[in-house]
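Engineer: Can you read through this structure? Questions will come right after.
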Amino acid sequence: MVKLKSPRRLPKKSVLNKTIDFFINSQYHAYLVGGYVRDATLGIKPVDIDIVVEGNAIKAACQLNMKIKGKLYTYKEFGTASIDTDSTRIDLASARIERYPSPAQLPYVYPSTIIEDLNRRDFSINAMAMSISKGNFGEIIDPFNGLSDVKSGFIRVLHKNSFVDDPTRIFRALRYKNRFNFKIERKTMVRMKEAIEKRLINLLSGQRILNELRLIFAEERYQEILNDISDFRIFKMSKQSLELMPLLGKNSLYLYLSKLDLKELPLSAKERRIVNDFKKLNRISSRLKKAKKNSKIYRILSSVSEEVIDSLSLIYPEVSPQIKLYLKLKKIRPFIRGNDLKRVKIKPESRYKRLLKRLYDYQLDKQIKTRREALHYLRNL
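According to the numbering used here, the sequence shown is numbered sequentially starting from 152.
Laid out in structure tokens, this is it:
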């Protein structure tokens with residue numbers, strides 16, 4: 152066993168310091184796990200706090216929160232809890248083992264010791280724990296030589312069926328590879344390629360794939376990860392499309408999804424609309440280039456999501472003038488509304504929508520320049 156530098160030398164009021172003080176003075180055997188030991192070894196400041204408790208993690212979380220006073224969330228079916236504070240999130244889980252009923256399916260969970268819990272992890276660099284209990288505080292439990300792999304810069308799975316049990320680990324391996332500039336260990340690479348060739352990712356639910364893609368786009372080097380995903384033929388993407396991603400900022404995820412043939416992703420109605428609009432980018436751009444009238448430009452873009460409008464001029468600089476014009480046009484208030492049509496006794500009301508559209512188009516094209524002219528037009532109908 153080895154020891155890392157004690158995290159207790161943090162400012163007295165830090166959330167981590169309070170958490171460690173709680174467990175040192177409790178009856179629980181608790182450990183910092185996940186990325187904490189990995190990042191501390193790399194000299195990276197850990198962001199969130201992951202804790203495994205040998206025992207009842209939910210009970211421990213309730214007691215801990217009395218001191219931290221954050222927002223507590225419990226998940227009894229999984230034996231886990233989370234505490235959100237203004238600056239930090241703490242995730243607590245009972246030590247457990249997992250049994251996978253079939254490839255890519257969520258596992259059955261059973262109580263265990265910390266060693267057994269580490270045995271279920273994805274990679275050796277994440278299969279380390281540091282005790283925050285009084286008896287052996289600071290002790291590092293490293294059954295798979297994760298510290299050595301961190302120092303050597305290797306990503307290595309713990310057993311041969313790792314990618315079969317959970318194909319999301321393919322995405323995670325590529326995330327860690329690019330985040331830390333690590334290499335995928337030779338046997339791990341072989342097993343990963345086998346899982347990709349068997350299309351095990353296709354067995355994952357849309358929710359799990361979407362979760363992984365969101366995590367990838369949250370990475371600083373997400374473009375390199377997407378390049379790997381394409382090179383490994385997980386989701387093949389043209390070089391031109393990949394080069395567009397950094398231009399679009401937060402909208403890059405929607406452009407990426409629009410290029411994939413994934414129909415079961417659980418997107419919100421708004422997100423689905425954005426993705427569908429991104430699929431029409433070429434057509435929208437082509438129509439804008441041909442549009443001569445203000446009303447035509449307005450009609451083309453008024454039904455398009457704002458995210459796509461923001462992205463259009465970045466992808467197609469030649470339509471920038473039309474985008475700028477549209478942004479001005481949409482601020483123009485119509486001279487005529489539905490009540491005006493009633494007032495001049497136009498019937499039937501089924502004509503209203505068509506008439507209002509025509510009048511607004513005339514207004515945008517400056518064929519009608521005042522409200523008086525618009526009313527005069529109506530009275531002559």
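Ideal Cβ positions, reconstructed from N, Cα and C, are used throughout, including at glycine. Just so it is clear, the structure is predicted and the values come from calculations on it, not from any experiment.
1. For V184 and K481, what's the separation of their Cα atoms in angstroms?
2. Hey, quick one: how far does the beta strand (DSSP E) through K222 stretch, first residue to last?
3. On the CB-based measure, 16 or more other CB atoms within 10 Å of its CB, does L510 come out buried or exposed?
4. CB-CB under 6 Å to G489, same chain, minus the five flanking residues each way: which ones, in chain order?
5. Measuring straight from C-alpha to C-alpha, what distance separates S284 and E205?
6. In the DSSP output, what is A244 paired with across the bridge?
7. Kindly indicate the opening and closing residues of the alpha helix (DSSP H) around L398.
8. From the DSSP output, in three-state form, read off L183 for me.
9. If you follow the beta strand (DSSP E) that E290 is part of, which residue opens it and which one closes it?
10. For A280, report the span of its beta strand (DSSP E) as first-last.
11. Whole angstroms is fine: what's the gap from L452's alpha carbon to I435's?
12. Would you report the Cα separation of F368 and E500, rounded to the nearest angstrom?
13. Leaving out five residues before and five after L187 in sequence, what residues of the same chain have Cβ atoms less than 6 Å from its Cβ?
14. Please state whether the Cβ-Cβ distance between I248 and R326 is less than 8 Å.
15. 8 Å is my cut-off, CB to CB: does N296 come that close to chain E?
16. Given a cut-off of 8 Å on the beta-carbon distance, is the pair I474 and S464 in contact?
17. Pick from M396, T264, S263 and A212: whose alpha carbon is nearest that of R240?
18. Give the DSSP-derived three-state secondary structure of L368 in the structure shown.
19. Label L398 either buried or exposed according to how many other C-beta atoms from any shown protein chain fall within 10 Å of its C-beta, with 16 as the threshold for buried.
20. To the nearest angstrom, how far is the alpha carbon of S472 from that of T192?
21. Would you kindly report the start and end of the unbroken alpha helix (DSSP H) that includes S471?
22. In three-state terms, what does DSSP make of I306?
23. T521: buried (16+ other C-beta within 10 angstroms of its C-beta) or exposed?
24. Would you mind sorting H527 into buried or exposed? The rule is 16 or more other CB atoms within 10 Å of its CB.
25. Buried or exposed: which applies to Q358, given that a residue is buried once 16 or more other Cβ atoms fall within 10 Å of its Cβ?
26. What three-state label does DSSP hand F274 in the structure shown?
27. By how many angstroms is the C-alpha of K169 removed from the C-alpha of P162?
28. Which of the three DSSP states is assigned to K447 in this structure?
29. Do you know how far the Cα of F331 is from the Cα of S389?
30. Nearest-angstrom Cα distance between D268 and I291?
31. Which term fits F229, buried or exposed, when burial requires 16 or more other beta carbons within 10 angstroms of its beta carbon?
32. Out of Y373, L532 and E469, state which residue places its alpha-carbon closest to the alpha-carbon of I497.
33. Identify whether I335 lies in helix, strand or coil by the three-state DSSP scheme.
34. Cβ atoms of V203 and A232: under 8 Å apart, would you say?
35. Whole angstroms are fine: how far does the CA of Q514 sit from the CA of V495?
36. Would you check if the region 332-343 and the region 299-308 touch, i.e. whether three or more CB-CB distances between them fall below 8 Å?
Structural biologist: Reading off the structure:
1. 53 Å
2. K222 to Y226
3. buried
4. Y503
5. Just so you know, the alpha carbons of S284 and E205 end up roughly 11 Å apart.
6. V203 and T231
7. From DSSP, L398 is part of no alpha helix (DSSP H); its letter is neither H nor E.
8. strand
9. First-last of the beta strand (DSSP E) with E290: E290 to I292.
10. A280 to S282
11. Roughly 8 Å between the two C-alpha positions.
12. Here the C-alpha atom of F368 lies approximately 49 Å from the C-alpha atom of E500.
13. Going by the sequence as given, residue 187 is Tyr instead of Leu. Within its own chain, the residues whose Cβ lies closer than 6 Å to the Cβ of Y187, once the five positions on either side in sequence are excluded, are P197, listed in chain order.
14. no
15. Here chain E cannot be found, since the structure has a single protein chain.
16. Closer than 8 Å, so yes.
17. A212
18. Sequence check: residue 368 is Phe here, not Leu. Helix, per DSSP.
19. With fewer than 16 Cβ atoms within 10 Å of its Cβ, L398 is classed as exposed.
20. For clarity, residue 472 is Pro in the given sequence; the question names Ser instead. Each residue's Cα considered, the two are about 52 Å apart.
21. S471 to L480
22. Of the three classes helix, strand and coil, the one that applies to I306 here is strand, per DSSP.
23. exposed
24. exposed
25. exposed
26. strand
27. With a pLDDT of only 48 at P162, under 50, the local geometry of the prediction cannot be trusted, and the value read off the model is given with reservation. The straight-line gap from Cα to Cα measures roughly 10 Å.
28. helix
29. 25 Å
30. So the two alpha carbons sit approximately 14 Å from each other.
31. exposed
32. Considering only alpha carbons, the answer is L532.
33. strand
34. It is not a contact, given that the beta carbons lie outside the stated cut-off.
35. 19 Å
36. Yes, the region 299-308 touches the region 332-343.
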